[in-house]
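Colleague:
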Amino acid sequence: MNDIFRGQVVALVICMLMAGNAMALDGNYNNGDRLIAPNGSDDSTYRQTEWEELMPGSWIKSRQFTMPELSTMDDGDPRAQEALMRMREAWANAPIETGMIHARIRIAGFIVPLESSKHEITEFLLIPYFGGCIHVPPPPANQIIHVVPKAPLKGMQSMDAVWVSGVLESRHFDSDIGSASYYISAVKVAPYTEH
Amino acid sequence: MMSYLFPMALRSAWNRRFTLGLTLISIALSVTLLLGVEQLRHDARQAFEQSVSGTDLVIGARTSPVQLMLYAVFHIGEATNNIHWQAYQEIAANPAVAWSIPVSLGDSHRGFPVLGTTAAYFDHFRYGEHQPLQLRKGKRFVGIFDAVIGAEVAAKLGYRVGDHIVLTHGSGGLAGQRHDDKPFTVTGILAPTGTPVDRTVHVSLAAIEAIHLDWQGGARMPGFDIPAEYVQKFDLTPKAVTAILIGLKNRAGVFRMQRQVHSYTQEPLLAVLPGVALDQLWQVVGVAEKVLLAVSVMVVIVGLCGLVAVILASLNERRRELAIVRSLGARPADIFALLTIEGLFIAFAGTLLGIVLLYGLNMGLAPVIQSHYGIVMTTHAVSMDEVRLIAAIAGVSLLASLVPGYGAYRLSLADGLTPKV
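Chains as they are written, first to last, in the working numbering: chain A, 18 to 212; chain B, 23 to 443.
And the structure:
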């Protein structure tokens with residue numbers, strides 16, 4: 018009878034393993050988390066890029082952003098608050114870095130799905146940090162990439178971390194600030210690992 | 023050797039067909055449950071996903087994102103509040119917005135929700151993979167009391183172009199709440215989409231205003247009737263809408279637009295990205311899904327355990343039968359094979375019966391589920407996930423069948439030709 022009992026236990030365990038296969042482990046991120054920048058990449062045709070490189074370098078220099086001399090102001094000086102609001106406003110409306118257009122880049126970020134079909138994501142936005150859209154302020158236009166992957170993503174959902182490889186392009190729209198935004202027709206989208 | 027073991031096992035099983043038949047049915051039902059749960063989950067997700075496409079933001083009164091999606095897109099549940107017409111105008115005038123569709127909910131027609139909207143709905147609304155709405159018959163609403171109905175409404179209630187329908191205030195039920203002084207004419211029927219659009223009656227926003235002109239506080243004002251032909255004398259601009267669907271010129275600017283909507287000072291608004299809100303819904307539902315899956319797996323295990331128990335229990339009565347078989351030259355390994363084949367056969371037959379039952383239930387219940395929940399249950403060919411599940415069941419059945427086989431093997435070794443009956 019011991020053998021029969023053992024046989025039943027083995028059958029039970031294997032069944033549990035098969036059922037538990039459905040449950041997946043995902044990474045735990047907190048609001049505002051950014052992905053760790055690893056060393057080197059295994060994909061040599063696409064240069065690994067940081068989000069800071071997508072900020073408009075020449076524009077920053079031309080505006081000469083400097084905070085006013087805070088040490089000379091009294092507490093509660095309205096000029097300090099004004100300067101902060103102006104800088105935030107300018108930053109939110111910052112243009113894209115045109116020098117990065119047509120670069121072949123590999124960049125890591127979080128997914129915000131735009132279009133899904135048959136449980137596959139066919140179009141999404143890539144943002145630099147983790148966070149629901151209410152609690153964390155949205156990134157400026159030069160820190161968002163509109164991605165259309167060549168093959169739809171399977172098994173991914175909102176705020177999953179991925180590596181996106183492709184050629185960075187720009188799209189122009191006749192909106193109020195007349196600014197452009199980044200676009201990638203991604204050759205490869207892979208789950209984020211620290212490589 | 024195997025050529026006679028099979029028919030022998032089957033005939034032996036036929037001898038105990040009543041008990042084994044019950045076990046077969048229990049396995050069949052458990053398999054139907056497991057596969058049915060998986061299929062329902064899969065089809066429900068698919069139905070929700072393809073209900074809206076190309077829409078960047080869904081805007082409504084401030085509530086939870088999931089609830090906003092449920093009532094604005096899927097017409098399930100009630101809106102917490104409406105938003106003023108002025109808010110809609112300001113949003114529609116925003117230079118970042120490419121198109122906007124205002125929708126007004128609250129009335130119903132014989133259990134189907136009524137949606138008040140504008141021509142923009144037929145121009146810009148997309149579902150599935152950027153598919154536009156198409157009119158199968160007739161045309162869009164032009165006059166005030168024109169209605170365009172979804173395919174499911176037309177099929178279930180047998181409406182044709184030119185028929186007259188009467189809307190009911192609220193989600194129906196109370197007969198006294200009908201807007202029967204202002205009947206509508208069906209001018210168009212939409213082609214099937216497999217989305218909640220099929221079970222919706224579409225009318226113009228002006229019509230929603232018109233039928234509520236002489237209503238106050240959810241009931242008709244006594245002694246103050248405005249006949250249908252006089253509604254044009256009044257201002258039929260809507261005062262409020264339930265939700266707005268918008269598409270942006272630049273899809274990457276969705277966060278900025280969302281921020282602007284949330285910072286709107288005149289009234290509390292919420293803007294959600296449909297994809298993100300749906301993912302939140304799945305996270306909430308996902309826990310229940312996993313529990314349901316675990317329960318279904320348990321039920322299958324219980325069924326298989328029952329099979330093993332029944333065959334093991336019968337071993338005692340079959341000692342003479344096995345002894346006779348041994349005396350005719352069968353080796354203990356053959357006895358092992360005999361019992362294993364019997365167990366496997368019942369398990370596989372049960373699984374097959376379960377799959378057949380599932381398809382039968384599918385065909386029977388699909389129309390009911392579609393008309394009540396808008397979820398399309400497709401009788402599709404077996405998908406990869408289902409194949410994996412069935413393979414898992416088959417694997418466990420094989421393991422389970424080995425148990426009585428081994429039991430009989432041990433028994434026949436010990437008994438030899440002198441059964442202690």
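By construction, the Cβ of each residue, glycine as well, lies at the ideal position given by its N, Cα and C atoms.
Using the beta-carbon of each residue, which ones in chain B are nearer than 9 angstroms to P155 (chain A)?
Modeller: Looking up residue 155 (chain A) in the first sequence gives position 138. Residues of chain B passing the Cβ test: V276, F277, R278, Q280, R281.
Colleague: Hey, quick one: how far does the beta strand (DSSP E) through V206 (chain A) stretch, first residue to last?
Modeller: Within the first sequence, the letter at position 189 stands for residue 206 (chain A). 205-208 is the extent of the beta strand (DSSP E) around V206 (chain A).
Colleague: Using a cut-off of 7 angstroms between C-beta atoms, extract the partners of E151 (chain B) located in chain A.
Modeller: Counted from its first residue, the second sequence places residue 151 (chain B) at position 129. Chain A residues near E151 (chain B): S134.
Colleague: Straight-line CA distance for V418 (chain B) to L366 (chain B)?
Modeller: Taking the first residue of the second sequence as 1, we reach residue 418 (chain B) at position 396. Taking the first residue of the second sequence as 1, we reach residue 366 (chain B) at position 344. Approximately 10 angstroms between the Cα atoms of the pair.
Colleague: Kindly give me the distance between the Cβ atoms of I144 (chain A) and A197 (chain A), rounded to whole angstroms, as I take these residues to be in contact under 8 angstroms.
Modeller: Indexing the first sequence from 1 puts residue 144 (chain A) at position 127. Indexing the first sequence from 1 puts residue 197 (chain A) at position 180. That pair is no contact at about 17 angstroms.
Colleague: Return helix, strand or coil for F127 (chain A), following the three-state DSSP convention.
Modeller: Against the first sequence, residue 127 (chain A) aligns to sequence position 110. F127 (chain A): strand per DSSP, three-state reduction.
Colleague: Roughly how many angstroms lie between the CA atoms of L375 (chain B) and H284 (chain B), to the nearest whole one?
Modeller: Residue 375 (chain B) sits at position 353 when you count from the first residue of the second sequence. Residue 284 (chain B) sits at position 262 when you count from the first residue of the second sequence. So the alpha carbons of these two residues sit roughly 55 angstroms apart.
Colleague: Beta-carbon within less than 6 angstroms of Y200 (chain A)'s beta-carbon, same chain only, minus the 5 sequence neighbours each way: which residues are those?
Modeller: The sequence position of residue 200 (chain A) within the first sequence is 183, counting from 1. The answer, listed in chain order, is H163, E186, R188.
Colleague: Answer yes or no: does any C-beta atom of chain A fall closer than 8 angstroms to that of L295 (chain B)?
Modeller: As a working note, residue 295 (chain B) is residue 273 in the second sequence. Yes - at least one Cβ of chain A is within 8 angstroms of the one on L295 (chain B).
Colleague: Interface residues of chain A around E339 (chain B) at Cβ under 8 angstroms?
Modeller: For this step, residue 339 (chain B) is matched to residue 317 along the second sequence. Simply none; closest approach about 18 angstroms.
Colleague: Just the Cα atoms here: how many angstroms apart are M102 (chain A) and Q68 (chain B)?
Modeller: The residue you call residue 102 (chain A) lines up with position 85 of the first sequence. The residue you call residue 68 (chain B) lines up with position 46 of the second sequence. Rounded to whole angstroms, M102 (chain A) to Q68 (chain B) spans 45 angstroms at the Cα level.
Colleague: Among B:A352, B:L127, B:G133, B:F147, which one has its Cα closest to the Cα of A120 (chain B)?
Modeller: As a working note, residue 120 (chain B) is residue 98 in the second sequence. Comparing Cα-Cα distances from A120 (chain B) to each of B:A352, B:L127, B:G133, B:F147, the minimum goes to B:F147.
Colleague: So, at 6 angstroms on beta carbons, what are the nonlocal neighbours of P354 (chain B) in its own chain, with the 5 sequence-adjacent residues on each side left out?
Modeller: Stepping through the second sequence from its first residue, residue 354 (chain B) is reached at position 332. Around P354 (chain B): Y431, S434, L435.
Colleague: In the DSSP assignment, what residue or residues form a beta bridge with T222 (chain B)?
Modeller: In the second sequence, the residue the question calls residue 222 (chain B) occupies position 200. Partner(s): none; T222 (chain B) has no beta bridge.
Colleague: Could you tell me whether any non-hydrogen atom of the ligand ATP is closer than 7 angstroms to the CB of G297 (chain B)?
Modeller: In the structure on display, the ligand ATP does not appear, and there are no ligands present to speak of.
Colleague: Based on Cα-Cα distance, which residue from B:A66, B:R39, B:V425 lies nearest to T217 (chain B)?
Modeller: On the second sequence, residue 217 (chain B) is found 195 positions in, with the first residue counted as 1. Per the Cα distances, B:A66.
Colleague: Within the same chain, show all residues whose beta-carbon is closer than 6 angstroms to that of S34 (chain B), passing over the 5 residues directly before and after it, in chain order.
Modeller: Reading the second sequence from its first residue, position 12 is the one you call residue 34 (chain B). Closer than 6 angstroms at the Cβ level, and outside the excluded window around S34 (chain B), lies no residue.
Colleague: Within 8 angstroms, do at least three Cβ pairs link the stretch 309-322 of chain B to the stretch 102-122 of chain B?
Modeller: Cβ pair count under 8 angstroms is below three, so no.
Colleague: Is the shortest distance between the beta-carbon of I53 (chain A) and the beta-carbons of chain B less than 8 angstroms?
Modeller: Start at 1 with the first residue of the first sequence, and residue 53 (chain A) comes out as number 36. No, because no Cβ of chain B sits closer than 8 angstroms to the Cβ of I53 (chain A).
Colleague: I'd like the span of the beta strand (DSSP E) that includes P87 (chain B), first residue to last.
Modeller: On the second sequence, position 65 is the one that residue 87 (chain B) refers to. Per DSSP, P87 (chain B) belongs to no beta strand (DSSP E); it is in the alpha helix (DSSP H), 87-94.
Colleague: Could you name the residues of chain B that S175 (chain A) contacts, counting a contact when the two beta carbons are closer than 8 angstroms?
Modeller: The sequence position of residue 175 (chain A) within the first sequence is 158, counting from 1. Those are G297, V298, D301, Q302, listed as they occur along chain B.
Colleague: What whole-angstrom Cβ distance do F96 (chain B) and S75 (chain B) have, given they're in contact under 8 angstroms?
Modeller: Numbered from its first residue, the second sequence carries residue 96 (chain B) at position 74. Numbered from its first residue, the second sequence carries residue 75 (chain B) at position 53. Rounded, the Cβ-Cβ distance is 14 angstroms, inconsistent with contact.
Colleague: Distance, Cα to Cα, I98 (chain B) vs R121 (chain A)?
Modeller: Along the second sequence, read from residue 1 onward, the residue named residue 98 (chain B) stands at position 76. Along the first sequence, read from residue 1 onward, the residue named residue 121 (chain A) stands at position 104. Roughly 45 angstroms between the two C-alpha positions.
Colleague: Quick one: give me the first and last residue of the beta strand (DSSP E) that S187 (chain A) is part of.
Modeller: Taking the first residue of the first sequence as position 1, residue 187 (chain A) is located at position 170. From DSSP, the beta strand (DSSP E) with S187 (chain A) extends over 178-189.
Colleague: Bridge partners for R253 (chain A) per DSSP, in chain order?
Modeller: Residue numbering for chain A in the displayed model covers 18 to 212; residue 253 (chain A) lies beyond these limits and cannot be assessed.
Colleague: When you compare the stretch 332-349 of chain B with the stretch 80-97 of chain B, are there three or more beta-carbon pairs, one atom per stretch, that lie closer than 8 angstroms?
Modeller: At 8 angstroms Cβ cutoff, the stretches do not touch.
Colleague: Going along the chain, which residues of its own chain have a beta-carbon closer than 6 angstroms to the beta-carbon of K204 (chain B), five neighbours each way excluded?
Modeller: Position 182 of the second sequence, counted from the start, is the residue given in the question as residue 204 (chain B). Contacts found: I233, A250.
Colleague: Do A262 (chain B) and I166 (chain B) have their C-beta atoms within less than 8 angstroms of each other?
Modeller: Position 240 of the second sequence holds residue 262 (chain B). Position 144 of the second sequence holds residue 166 (chain B). Cβ distance not < 8 angstroms, so A262 (chain B) and I166 (chain B) don't count as in contact.
Colleague: Taking all protein chains shown into account, do 16 or more other C-beta atoms lie within 10 angstroms of the C-beta of Q199 (chain B), making it buried, or fewer, making it exposed?
Modeller: Counting from 1 along the second sequence, the entry for residue 199 (chain B) is found at position 177. Under this definition Q199 (chain B) is a buried residue.
Colleague: Could you name the residues of chain B that F147 (chain A) contacts, counting a contact when the two beta carbons are closer than 9 angstroms?
Modeller: What you label residue 147 (chain A) is simply residue 130 of the first sequence in a count that begins at 1. What F147 (chain A) touches in chain B: nothing, since even the nearest Cβ is about 13 angstroms away.
Colleague: Is the stretch 379-388 of chain B touching the stretch 40-47 of chain B in the sense that three or more CB pairs, one from each, lie closer than 8 angstroms?
Modeller: Result no; under three Cβ-Cβ pairs closer than 8 angstroms.
Colleague: In the DSSP assignment, the alpha helix (DSSP H) including R158 (chain B) goes from what residue to what residue?
Modeller: Locating residue 158 (chain B) in the second sequence gives position 136, counting from the first residue. Here R158 (chain B) belongs to no alpha helix (DSSP H); instead the beta strand (DSSP E) covers 157-160.
Colleague: For the stretch 264-279 of chain B against the stretch 116-135 of chain B, do three or more pairs of beta-carbon atoms, one drawn from each stretch, fall closer than 8 angstroms, so that the two count as touching?
Modeller: A contact exists between the stretch 264-279 of chain B and the stretch 116-135 of chain B.
Colleague: Could you spell out where the alpha helix (DSSP H) holding L55 (chain B) opens and where it closes?
Modeller: As a first step, residue 55 (chain B) is located in the second sequence; it is residue number 33 there, counting from the start. Segment 39-71, the alpha helix (DSSP H) holding L55 (chain B).
Colleague: If I measure Cβ to Cβ from R105 (chain A) and keep anything under 8 angstroms in the same chain, skipping five residues before and after, which residues do I get?
Modeller: Position 88 of the first sequence, counted from the first residue, corresponds to residue 105 (chain A). The answer is none, since no qualifying residue turns up.
Colleague: Count the other C-beta atoms from every protein chain shown that fall within 10 angstroms of the C-beta of S318 (chain B), then say buried if there are 16 or more, exposed otherwise.
Modeller: Here residue 318 (chain B) refers to the residue found at position 296 of the second sequence. By the neighbour-count rule (16 or more Cβ atoms within 10 Å), S318 (chain B) is buried.
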